[in-house]
Amino acid sequence: MRTVFAIVLLAVVGLGIGLALLDVPFGAPKTGIGDYYIEHGREETGAANTVTAVVVGYRAFDTLGEVTVLFVAALGLGAVLAATGGGSEKREVEPASLVLLTGSRFLFPLIMLFGAYVFLHGHLTPGGGFQGGAVVASAFLLLYLGSRGRRVSRTWSTATEALGGLVFVVLGLVGLAVGGGYFLSNFMPTGALNTLLSAGVIPVIYAAIGFKVGSELAGVIHDLVEET
Amino acid sequence: MSFLHDYAYYIGAFGLIFIGLLVVLAKHNLIKVIIGLSILDTGINLFLISVGYLRNGTAPIFSRPGLDASGMVDPVPQALVLTAIVIGVAVLALALGIAVRLYREFGTLDLRKIKELRW
């Protein structure tokens, strides 16, 4: 009954979407705001990566909202799991094998370095704060798998997370006061294209987002490992 | 054939979206419902990316001087999906956390047996 109802509902929705999309050609150029960003993104933000120019330049306020959604989701997970307190009793943990232990110890700093590289070069190469943060969090996942007894200090990860968010908001407010009169306007010199110290405020913001996302996702991993 | 060729990514993306919706609507196990949510999320991301796709286009990155700006794909859907993927991971973790909590409360993940979640 339920399956039949679901299939009928999906058929109706699919028909509507299909009819609407028949007029949208796939792979054809769609003129719009994207062309403006590609044409003017380099001069206006100084970032060689136009995607980064959109995320932390033109739509930075929107990104602040998305960072907030991420924060609320991570906070909600901690609240939902901690409220029961079921994970407080000590469990016997089987130690990891020698291969996993040695491998995780060897790879942990390399993965951290790669994550930092990805979020510091967000304005030059594919990557940025969100991707770099996810890479950093995967290093912590490997740590949790390899060294079963070792735990990330929740105080420090919360402090890093708060600092990252604070840097984002404070730089945005400084840009509002000093720069062009809108949130997170680029008040620092944009420098030469394709160098590490270019694009003004964008690498700083992306580093802050990288720290924030990394510590948030590490906190999610911590909650799922500890509290369940 | 040309229809398939022209709309391959849309068909794939909406295939994923409909599979995800069907799983969410029809399955009784909460873990399977969450897997459906994840598939739905992936399908929506794929759809947004394929809207910005340009045939024979390049990535919108000026990694070396003298790169032609006219053949670049639309950066806006990429910027949206980039954050949506990370948020999807966090929302998935939240959903799994709620599933853990429900299992502790009711001792089952079958949605037919949890009275408050029946529909």
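Top line first, the protein sequences correspond to chains E and H.
Its first residue numbered 11, the first sequence is counted upward by one per residue in my numbering.
Its first residue numbered 17, the second sequence is counted upward by one per residue in my numbering.
Note that beta-carbon positions come from the ideal geometry of N, C-alpha and C, so glycine has one too.
Could you give the DSSP three-state label for residue i: helix, strand or coil?
i, result
"residue 114 of chain H", "helix"
"residue 72 of chain H", "coil"
"residue 88 of chain H", "strand"
"residue 64 of chain H", "helix"
"residue 58 of chain H", "helix"
"residue 93 of chain H", "helix"
"residue 187 of chain E", "helix"
"residue 30 of chain H", "helix"
"residue 103 of chain E", "coil"
"residue 137 of chain E", "coil"
"residue 83 of chain H", "coil"
"residue 142 of chain E", "helix"
"residue 172 of chain E", "helix"
"residue 81 of chain E", "helix"
"residue 99 of chain H", "helix"
"residue 109 of chain H", "helix"
"residue 208 of chain E", "coil"
"residue 150 of chain E", "helix"
"residue 91 of chain E", "helix"
"residue 181 of chain E", "helix"
"residue 202 of chain E", "coil"
Which residues bound the alpha helix (DSSP H) around residue i?
i, result
"residue 161 of chain E", "Where residue 161 of chain E is concerned, there is no enclosing alpha helix (DSSP H), given that its DSSP letter is neither H nor E."
"residue 229 of chain E", "212-236"
"residue 46 of chain E", "43-55"
"residue 24 of chain E", "12-31"
"residue 68 of chain E", "Here residue 68 of chain E belongs to no alpha helix (DSSP H), and DSSP marks it neither H nor E."
"residue 126 of chain E", "108-130"
Return the bridge partner residues of residue i from the DSSP annotation.
i, result
"residue 77 of chain H", "E:59"
"residue 8 of chain H", "Lying before the first or after the last residue shown, residue 8 of chain H is absent from chain H, which here runs from 17 to 135."
For the putative contact between residue i and residue j, defined by C-beta atoms under 8 Å, what is the C-beta separation to the nearest angstrom?
i, j, result
"residue 60 of chain E", "residue 91 of chain H", "4 Å"
"residue 108 of chain H", "residue 16 of chain E", "In fact, because the Cβ distance is near 21 Å, the residues do not count as touching under 8 Å."
"residue 201 of chain E", "residue 193 of chain E", "That belief does not hold up - the Cβ atoms of residue 201 of chain E and residue 193 of chain E are roughly 22 Å apart, past 8 Å."
"residue 109 of chain E", "residue 114 of chain H", "Rounded, the Cβ-Cβ distance is 35 Å, inconsistent with contact."
"residue 147 of chain E", "residue 227 of chain E", "3 Å"
"residue 36 of chain H", "residue 52 of chain H", "5 Å"
"residue 106 of chain H", "residue 230 of chain E", "6 Å"
"residue 32 of chain H", "residue 62 of chain H", "6 Å"
"residue 132 of chain E", "residue 233 of chain E", "Between residue 233 of chain E and residue 132 of chain E the Cβ distance is about 27 Å, and since that is not below 8 Å, they are no contact."
"residue 110 of chain H", "residue 46 of chain H", "The pair is not a contact, with the Cβ atoms about 13 Å apart (cut-off 8 Å)."
"residue 66 of chain E", "residue 215 of chain E", "5 Å"
"residue 150 of chain E", "residue 142 of chain E", "About 13 Å; that fails the 8 Å criterion."
| Taking any Cβ of chain E, which residues in the region 66-79 of chain H have a Cβ under 9 Å from it, in chain order? | 66, 67, 68, 69, 70, 71, 72, 73, 75, 76, 77, 78, 79
| task | Below 8 Å between beta carbons is the criterion; list the residues of the region 125-146 of chain E that meet it against any residue of chain H, in chain order. | result | Those residues of the region 125-146 of chain E that come within reach of chain H (Cβ to Cβ, closer than 8 Å) are 134, 135, 136, 138, 140, 141, 143, 144.
| request: Note down, in chain order, all residues in the region 50-64 of chain E with a beta-carbon under 7 Å from any beta-carbon belonging to chain H. | output: 52, 58, 59, 60, 61, 64
| task | Anything in the region 25-58 of chain H with a Cβ closer than 7 Å to a Cβ of chain E? List those residues in chain order, please. | result | So the close ones are 25, 26, 30, 34, 37, 38, 41, 42.
| query | Taking a cut of 7 Å between CB atoms, which residues from the region 86-103 of chain H lie near chain E? | reply | 88, 90, 91, 92, 94, 95, 98, 99, 102, 103
| request: Below 8 Å between beta carbons is the criterion; list the residues of the region 202-236 of chain E that meet it against any residue of chain H, in chain order. | output: 203, 204, 223, 226, 227, 230, 233, 234
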